[in-house]
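>
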Amino acid sequence: MKVKPNYIENNSFIYTCILILIAFTFSVLCRLYWVAWASEFHEFFFNNQLMITTNDGYAFAEGARDMIAGFHQPNDLSYFNSSLSTLTYWLYKILPFSFEGIMVYMSTFFASLIVIPIILIAREYKLTTYGFIAALLASIANSYYNRTMSGYYDTDMLVLVLPMLVLLSFIRLTIDKDIFTLLLSPIFIMIYLWWYPSSYSLNFAMIGLFALYTLIFHKKEKIFYLAIIVMIVALSMLAWYYKLTLIVLLFAIFALKEEKINFYIIWSLIFASILILFLSGGLDPVLYQLKFYIFKSNDVQNLKEAAFLYFNVNETIMEVNTIDLEVFMQRISSSVAVFILSFIGLFFLCKDHKSMFLALPILALGFVALVAGLRFTIYAVPVMALGFGYFLHIFITFLRRKKILSNFKNINIILILASIFALVPAMIHIYYYKSSTVFTSYEAQILDDLKQKAQREDYVVAWWDYGYPIRYFSDVKTLIDGGKHLGKDNFFSSFILSKDPISAANMARLSVEYTEKSFKENYPDILKAMIKDYNQTNAKDFLENLNDINFNLNEKTRDIYIYMPYRMLRIMPIVAQFSNTSPDTGNQEKSLFFSQANAIAQDPTSGSVMLDNGVEIINDFRALKIEGNTFSLKAFVDIESITNGKYYYNEIDPKSQIYLLFLREYKSFILLDENLYNSTYIQMFLLNQYDQNLYEQITNDPRAKIYRLKR
1 MKVKPNYIEN NSFIYTCILI LIAFTFSVLC RLYWVAWASE FHEFFFNNQL MITTNDGYAF
61 AEGARDMIAG FHQPNDLSYF NSSLSTLTYW LYKILPFSFE GIMVYMSTFF ASLIVIPIIL
121 IAREYKLTTY GFIAALLASI ANSYYNRTMS GYYDTDMLVL VLPMLVLLSF IRLTIDKDIF
181 TLLLSPIFIM IYLWWYPSSY SLNFAMIGLF ALYTLIFHKK EKIFYLAIIV MIVALSMLAW
241 YYKLTLIVLL FAIFALKEEK INFYIIWSLI FASILILFLS GGLDPVLYQL KFYIFKSNDV
301 QNLKEAAFLY FNVNETIMEV NTIDLEVFMQ RISSSVAVFI LSFIGLFFLC KDHKSMFLAL
361 PILALGFVAL VAGLRFTIYA VPVMALGFGY FLHIFITFLR RKKILSNFKN INIILILASI
421 FALVPAMIHI YYYKSSTVFT SYEAQILDDL KQKAQREDYV VAWWDYGYPI RYFSDVKTLI
481 DGGKHLGKDN FFSSFILSKD PISAANMARL SVEYTEKSFK ENYPDILKAM IKDYNQTNAK
541 DFLENLNDIN FNLNEKTRDI YIYMPYRMLR IMPIVAQFSN TSPDTGNQEK SLFFSQANAI
601 AQDPTSGSVM LDNGVEIIND FRALKIEGNT FSLKAFVDIE SITNGKYYYN EIDPKSQIYL
661 LFLREYKSFI LLDENLYNST YIQMFLLNQY DQNLYEQITN DPRAKIYRLK R
C-alpha cells in the first residue's frame, strides 16, 4: 500500500482499517494490565481461572450457566436468556475456552470495539487521523475503563458501543443520504434495546432529536421521515419479529415506490408509528428512569397500598449520589485540562458540522452525572473524546494557516505530544486502579461447598450485595440481589441481620414462605400480606411480636440459610437502616452508632489508643473521647477468636449504650450501640453465640459463617 504523504488528510478505507486495528489493539493491551497484576494473587482464582470484579456480573453468569445446563428453577430470578447471558452461552459453545475465562475477557475485547464508531464518525467528517486519537482517549478514559476493564463482566462492555453505532448511522445518513444506511439505525436500536433494555430513554431522546434535526435541516427530504418512522417502530414494545417485518416492509415500499409516496402518506405513517409506540407502553420506561435517577422518588419504591414507608435505597448507592466537578471531568476525559480542551473542540465540531448535534442526548446523559451520580459519566466519554480530536484539528489548522507549521514532521510531533498529554493521565489511572475480584477464592469455596448441602429450592438470606454471587456459586434462591433491592425488598434481609436472633428466625421463615406465595398471589406488599394474615392492624406491633419464641409460623416448605460474611461488617449500619424505620413516617427510629477502625498510635504515658477514625480510647479501655467529648463504655469485649466464640466480656457502665469490641484476628476495633451489639449478625458471626434450637451452624470460618434455620 502506498500511503499518502499527507496522511493526516488520508481517509481511505485501508488507512481507516489500519487505524481501527491499532486503536483496538491499544485498548486491549491496556485492559490486559489488570490481568497481569491480578494473576499474581492466588486468592483471585477459582477453578484455575481469574474471577470477575463486578457483583452484577454474577447475575449474567448464573443465566449463562443455566442456559448451558438447559434449565433453571421457577421463580429463581435467573437471568436465563438475557442478552449478556445469551452472548456468553454462544461464545462458550463456539470457542475452545473455559466458561470462567470467557467471562473475564469478554469486556477486554467487546469494550474495545468503541474505537470503531468513533473513527468512522471522524471519517465521515474527513478527519480520520483525529478520530484515531479520539478513539485512543475514549477507549481508556477513567470511567469507561473502570466499567469495561478485564474481569468487569457486565452489559457495560457494549453500552456505549451500540449508541455510538446508532449515532454513526444518523451522521452517515445526513451526509450520504444512502437508503441502505437508513436500515442501520433501526437495526442498531433494536440490538441496543435487546442488549440493554434501560437504554430505552436514550434511544427515545436520540430519535426525538433526529426528528427535530430533520424538521430544521431536511424537512423536504422523504428519506429522513422514513428513517424516523422505522426508528419509532424499532423503539416500540412490539415483539422483535413484528418490528423487523414492519421495518423491512416500509423499507421495500420506499425503495420501490418512492415517487408515489407523498407527504400525506408520510405523516399518516408517522402518526401510526407514534400510536403504536404509545399503545405499546412507550412512555413508561422513560417516566420510570426519570423518577428513580433524577427525582429519586420514593413513589417508585413504595406502592400506593404499602404497609411500610420504606427506606430509599438511592440514599445508599454511591453511583447515584452527586459528584464533585473535578472528579466529573477526570472521569470523562482523565484530566481537567483535556476535558476543557475537549469541550472547546466539541463546541466548534457542532458549529462546523451540524449533524454532530445528534450526539447531544449521549453527551447530556453523561452530564446528568452532576445530578444523578457518577455512573452516568461513562456516556460523555466518546463524544468528548471526539471533541478533543476536533480541537487538535482546529489547532493544527490554525498553526498551518499562520504558517507556524510548514512541514508534516512538525505536525507529527505535535500530534504525538498531544496524544501523550491526553493518554498519560488515563494510563496512570489504569496503573493505580487495581480492582479486586468480588469474592476471594476462600469465600467462593465456602459458597461452592454450600451447593453440595443445599437444594436448588432452598433460600440463602444475605444482603443484596451478595445475592448474585450466592446464586451463582451455591445454585440456590435469594430474597434480594443487585436487581431486586428496593426498600420494600431490603427490609426483610435487614430485619433478619440487624434484629435479635429470635425475631430474625421468625422473620426468615415468614419472608421466604411469603415470597414464594407472592409468585402465585402477586402481593403488592409482602409485609402487608403478613399483617393481614395474622390479623394485625399495626405494622409496628406485628414486628415486635416476632420476638416471641413461640410465634406461630407458616408451614416449612424448604430450608433457609443465613449467610454472614466478614466483609459485611463495614456496611452493617447501612444494612440496619432499612429495618430501623418508623412504620408511619419512614424516618429512622433509633440513632444507630457503628464504626470500625484500626489503631494508629498509643500514648506511652496514659496508655490511650488513637484510632484512624479520630476516636481515642482512654481510661484503660473504659471510655471513649469523640470530638472532645468523653463517653463511658457499657462494656469492652475482647474477641480472641471469631470461629470458636472465645471472647472476654468486661462490663464497665451498665447505664451506657456504647460497646467497644476488639477483633484480635483482624486487629480491628468496633464501636457500636446496644441495638447493633444484640443483632443477629454481631452475636452469631463475631461472638459465635446462637440458639442451637433455632439454628445449625453449617460453616464456621473467620471470612464467612452460614447458619441453617431449624424452624
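Okay, so the sequence shown: first residue is 1 according to the UniProt record's numbering, each after it adds one.
Glycine is no exception: its CB is placed at the ideal position from the N, C-alpha and C atoms.
Decide if the region 142-159 is in contact with the region 173-182; the criterion is three or more beta carbon pairs, one per stretch, under 8 angstroms apart.
No, the region 142-159 is not in contact with the region 173-182.
> Report buried or exposed for Pro501, applying the criterion of at least 16 other Cβ atoms within 10 angstroms of its Cβ.
Counted from its first residue, the sequence shown places residue 501 at position 501. With 16 or more Cβ atoms within 10 Å of its Cβ, Pro501 is classed as buried.
> What's the gap between the Cα of Asn262 and the Cα of Phe254?
As a first step, residue 262 is located in the sequence shown; it is residue number 262 there, counting from the start. As a first step, residue 254 is located in the sequence shown; it is residue number 254 there, counting from the start. Roughly 11 angstroms between the two C-alpha positions.
> Thinking just about the alpha-carbon of each residue, which of Ile68, Arg65 and Ser139 is nearest to the one in Ile332?
If you number the sequence shown from 1, residue 332 lands on position 332. Looking at the Cα atoms, Ser139 is the closest of the given residues.
> Assign Cys30 to buried or exposed, taking buried as 16 or more other Cβ atoms, counted over all protein chains shown, within 10 Å of its Cβ.
Position 30 of the sequence shown holds residue 30. With 16 or more Cβ atoms within 10 Å of its Cβ, Cys30 is classed as buried.
> Tell me the rounded alpha-carbon separation between Asn550 and Leu694.
Taking the first residue of the sequence shown as position 1, residue 550 is located at position 550. Taking the first residue of the sequence shown as position 1, residue 694 is located at position 694. The straight-line gap from Cα to Cα measures roughly 11 angstroms.
> At a cut of 8 angstroms, does the region 646-654 reach the region 461-477 through at least three beta carbon pairs?
Output reads no: the region 461-477 does not touch the region 646-654.
> Going straight from the alpha carbon of Leu120 to that of Leu168, what length do you get?
On the sequence shown, residue 120 is found 120 positions in, with the first residue counted as 1. On the sequence shown, residue 168 is found 168 positions in, with the first residue counted as 1. Leu120 and Leu168: Cα-Cα distance of roughly 7 angstroms.
> Applying the criterion that 16 or more other CB atoms from any shown protein chain within 10 Å of the CB defines a buried residue, is Ser606 buried or exposed?
The residue labelled residue 606 in the question sits at position 606 within the sequence shown. Counting Cβ neighbours within 10 Å, Ser606 comes out exposed, since fewer than 16 surround it.
> Could you check which residue in Leu671, Pro654 and Asn47 has the C-alpha nearest to that of Phe662?
The residue given as residue 662 occupies position 662 in the sequence shown. Minimum Cα distance to Phe662 is reached at Leu671.
> Taking buried to mean at least 16 other C-beta atoms within 10 Å of its own C-beta, is Gly57 buried or exposed?
The count along the sequence shown starts at 1 and reaches residue 57 at position 57. By the 10 Å Cβ count, Gly57 comes out buried.
> Using DSSP bridges, identify the partner residues of Ala623.
Numbered from 1 along the sequence shown, position 623 holds the residue referred to as residue 623. Answer is Ile618 and Ser632, bridged to Ala623.
> Check for me: the beta strand (DSSP E) holding Ile658 runs from which residue to which?
As a position in the sequence shown, residue 658 is number 658, starting the count at 1. Unbroken beta strand (DSSP E) run through Ile658: Ile658 to Leu663.
> From the DSSP secondary-structure annotation, give me the bridge partner or partners of Asp638.
Against the sequence shown, residue 638 aligns to sequence position 638. Answer by DSSP bridge pairing, in chain order: Tyr648 and Phe662.
> Quick one: what's Ala61 bridged to in DSSP?
Numbered from its first residue, the sequence shown carries residue 61 at position 61. Paired residue(s): none; Ala61 is not in a bridge.
> Mind checking which residues open and close the beta strand (DSSP E) that includes Ala601?
Taking the sequence shown and counting its residues from 1, one reaches residue 601 at position 601. Run containing Ala601: Ala599 to Gln602, per the beta strand (DSSP E) assignment.
> One question on the structure: do Leu51 and Glu100 come within less than 9 angstroms of each other, judged by their Cβ atoms?
As a working mapping, residue 51 is identified with position 51 in the sequence shown. As a working mapping, residue 100 is identified with position 100 in the sequence shown. According to the sequence shown, residue 51 is Met rather than Leu. Contact: yes.
> Relative to the alpha-carbon of Arg400, which residue among Ser595, Ile411 and Ile118 has its alpha-carbon at the smallest distance?
Here residue 400 refers to the residue found at position 400 when the sequence shown is read from its first residue. Taking only the C-alpha atoms, the option nearest Arg400 is Ile411.
> Note down, one range per segment and in chain order, each beta strand (DSSP E) of at least 3 residues found wholly within the UniProt domain "STT3/PglB/AglB core" (456-581).
Correct list: 459-461 and 560-565.
> Would the beta-carbon of Ala385 fall within 9 angstroms of that of Ser342?
Within the sequence shown, residue 385 is the residue found at index 385, counting from 1. Within the sequence shown, residue 342 is the residue found at index 342, counting from 1. Contact flag set, yes.
> List the residues that DSSP assigns as beta-bridge partners of Asn700.
By 1-based counting over the sequence shown, the position of residue 700 is 700. DSSP, once it has assigned bridges, lists Lys705 as partnering Asn700.
> If distances are taken between C-alpha atoms only, which option among His353, Leu346 and Gly373 comes closest to Ile323?
The sequence position of residue 323 within the sequence shown is 323, counting from 1. Here the closest residue by C-alpha is Gly373.
> Based on Cα-Cα distance, which residue from Gln536, Ser185, Ser493 and Ser503 lies nearest to Thr515?
Mapped onto the sequence shown, residue 515 falls at position 515. Ranking Gln536, Ser185, Ser493 and Ser503 by Cα distance to Thr515 puts Ser493 first.
> Kindly indicate the opening and closing residues of the beta strand (DSSP E) around Met610.
Along the sequence shown, one-based indexing puts residue 610 at 610. First-last of the beta strand (DSSP E) with Met610: Val609 to Leu611.
> With distances taken between CB atoms, is the gap from Tyr534 to Asn522 smaller than 9 angstroms?
For this step, residue 534 is matched to residue 534 along the sequence shown. For this step, residue 522 is matched to residue 522 along the sequence shown. No, these two residues do not count as a Cβ contact at 9 angstroms.
> Does the distance from the C-beta atom of Ile362 to that of Leu202 stay below 9 angstroms?
Within the sequence shown, the letter at position 362 stands for residue 362. Within the sequence shown, the letter at position 202 stands for residue 202. Cβ atoms of Ile362 and Leu202: closer than 9 angstroms.
> Residues in the same chain with beta-carbon distance under 7 angstroms from Tyr130, minus the five sequence neighbours each way, listed in chain order, please.
As a first step, residue 130 is located in the sequence shown; it is residue number 130 there, counting from the start. Excluding positions up to five away in sequence, the list reads Ala122, Gly389, Tyr390, Leu392 and His393.
> Is it a yes or a no for the region 83-93 touching the region 474-491, going by three-plus beta-carbon pairs under 8 angstroms?
No, the region 83-93 is not in contact with the region 474-491.
> In terms of residue numbering, what span does the beta strand (DSSP E) encompassing Ile413 cover?
Here the question's residue 413 lines up with position 413 in the sequence shown. Note, Ile413: premise wrong, no beta strand (DSSP E); alpha helix (DSSP H) at Phe408 to Tyr432.
> DSSP state of Ser668, grouped into three classes?
Numbered from 1 along the sequence shown, position 668 holds the residue referred to as residue 668. Of the three classes helix, strand and coil, the one that applies to Ser668 here is strand, per DSSP.
> For Arg664, which residues from the same chain have a beta carbon less than 6 angstroms from its beta carbon, with the 5 sequence-adjacent residues on both sides left out?
Your numbering for residue 664 matches position 664 in the sequence shown. For Arg664, where only same-chain residues beyond five positions count, the Cβ hits under 6 angstroms are Glu640.
> From the DSSP output, in three-state form, read off Lys4 for me.
Position 4 of the sequence shown, counted from the start, is the residue given in the question as residue 4. Any reading at Lys4 must be qualified, since the residue scores a pLDDT of 46, below 50, and its modelled position is unreliable; the value itself is stated next. DSSP places Lys4 in coil when its eight states are reduced to three.
> At which residues does the alpha helix (DSSP H) containing Lys260 begin and terminate?
Taking the first residue of the sequence shown as 1, we reach residue 260 at position 260. Per DSSP, Lys260 belongs to no alpha helix (DSSP H) and is neither H nor E.
> Run through DSSP, which three-state label would Glu674 get?
Within the sequence shown, residue 674 is the residue found at index 674, counting from 1. The answer is helix: DSSP assigns Glu674 an H, G or I state.
> Where DSSP assigns a beta bridge to Ser595, which residues make up the other side?
For the purposes of this step, residue 595 is taken as the residue at position 595 of the sequence shown. Beta-bridge pairing links Ser595 to Leu671.
> Where does the unbroken alpha helix (DSSP H) through Lys93 begin, and where does it stop?
Here residue 93 corresponds to residue number 93 of the sequence shown, with the count starting at 1. Element bounds for Lys93: Ser83 to Ile94.
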